[in-house]
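Input: a single structure, listed below in structure tokens.
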Amino acid sequence: MLNYLRGTVVQVVRDTGSRVKLILEVNQVGYEVQIPSRFGRKLEEENSEAVQVFTDQQIREDHLILYGFESGAERDLFRKLIAVNGVGSQMAIALIDTLGLPELVEAIVTENIQLLTKTPGVGKKTAERIALELKTKLAQWRTESGLVKKGDESLAPKPEIREDVEMTLLALGYSNQEIEQALSVISQDSLLAKNPNAEEWIRSAIAWLSQ
1 MLNYLRGTVV
11 QVVRDTGSRV
21 KLILEVNQVG
31 YEVQIPSRFG
41 RKLEEENSEA
51 VQVFTDQQIR
61 EDHLILYGFE
71 SGAERDLFRK
81 LIAVNGVGSQ
91 MAIALIDTLG
101 LPELVEAIVT
111 ENIQLLTKTP
121 GVGKKTAERI
131 ALELKTKLAQ
141 WRTESGLVKK
151 GDESLAPKPE
161 IREDVEMTLL
171 ALGYSNQEIE
181 QALSVISQDS
191 LLAKNPNAEE
201 WIRSAIAWLS
211 Q
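Residue numbers are given in UniProt numbering: position 77 of the sequence shown equals residue 77, and the series is strictly consecutive.
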């Protein structure tokens with residue numbers, strides 16, 4: 001099984017749906033790899049030429065499909081997601097695309113169903129199943145994989161604080177992606193992490209977004 005491919009970016013292709021494919025040349029062979037749109041945007045913005053892509057190989061009926069990810073941790077999370085009953089490859093990629101790796105893991109571990117259902121195609125029952133089956137596994141895995149340092153798990157905002165921050169910032173015109181980036185950054189402030197006042201989180205997020 002392929003673990004990763006390292007080669008030259010030939011093209012990032014978007015089909016008529018939401019799927020994004022990377023054409024990657026490795027030793028004069030062109031591989032077609034489906035990737036999250038986040039990864040595709042990054043490759044385009046950075047005008048990347050050489051890149052390493054962590055892969056998952058699946059055989060469907062009469063053809064082989066390669067899925068590619070920016071990191072080994074992202075690829076491993078994809079594998080854990082598709083092991084959940086009712087979660088297919090496209091839904092797993094949509095979850096990663098919508099929330100990003102750290103936020104998605106945090107949402108599952110804290111059983112933040114409302115955040116999980118922001119992903120197109122993910123209903124409440126599916127989100128509850130994902131959290132139920134993966135929260136314990138991911139709580140340990142996120143430390144082992146280096147997503148968080150041991151002892152830092154409590155830094156993320158509580159679900160009710162996150163909800164207040166998201167509702168306020170969305171009303172101010174910020175996108176979901178901008179909000180997730182802000183929360184990811186300000187959560188590293190250990191003093192803020194201990195503050196139960198949502199207004200302080202909102203002020204910190206706006207200050208970061210206004211830089």
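Quick reminder that beta carbons are idealized off the backbone N, C-alpha and C, glycines included.
Does the distance from the CB of residue i to the CB of residue j come in under 9 Å?
i           : j           : result
residue 97  : residue 79  : no
residue 60  : residue 68  : no
residue 58  : residue 89  : yes
residue 159 : residue 211 : no
residue 77  : residue 105 : yes
residue 10  : residue 40  : no
residue 36  : residue 93  : yes
residue 116 : residue 101 : no
residue 42  : residue 33  : no
residue 166 : residue 186 : no
residue 206 : residue 170 : no
residue 73  : residue 145 : yes
residue 192 : residue 184 : no
residue 44  : residue 13  : no
residue 161 : residue 135 : no
residue 95  : residue 81  : yes
Going by the DSSP bridge assignment, what does residue i pair with across the sheet?
i          : result
residue 25 : 8 and 30
residue 58 : 65
residue 52 : 6
residue 19 : Paired residue(s): none; residue 19 is not in a bridge.
residue 13 : 21
residue 35 : 20
Taking residue i and residue j to be in contact with their CB atoms under 8 Å, please state how far apart those CB atoms are, rounded to whole angstroms.
i           : j           : result
residue 163 : residue 131 : So it is not a contact: roughly 16 Å between Cβ atoms.
residue 138 : residue 174 : Contact doesn't hold; Cβ gap of about 27 Å is too wide.
Is the shortest distance between the beta-carbon of residue i and the beta-carbons of chain B less than 9 Å?
i           : result
residue 129 : In the structure shown, chain B does not exist; there is a single protein chain.
**Prompt:** Counting pairs of beta carbons, one from the segment 115-124 and one from the segment 45-59, are three or more of them closer than 8 Å?
**Reply:** no
**Request:** Examine the Cβ distances between the segment 122-131 and the segment 17-25 and report whether three or more of them are shorter than 8 Å.
**Result:** no
**Asked** Enumerated in chain order, which unbroken segments of the beta strand (DSSP E) with a length of 3 residues or greater are wholly contained in the UniProt region "Domain III" (159-211)?
**Response** none
**Message:** Please give the ranges of any alpha helix (DSSP H) in the segment 66-115, keeping only runs that are unbroken, at least 4 residues long and fully inside the region.
**Reply:** 72-82, 89-99 and 101-109, all fully within the segment 66-115.
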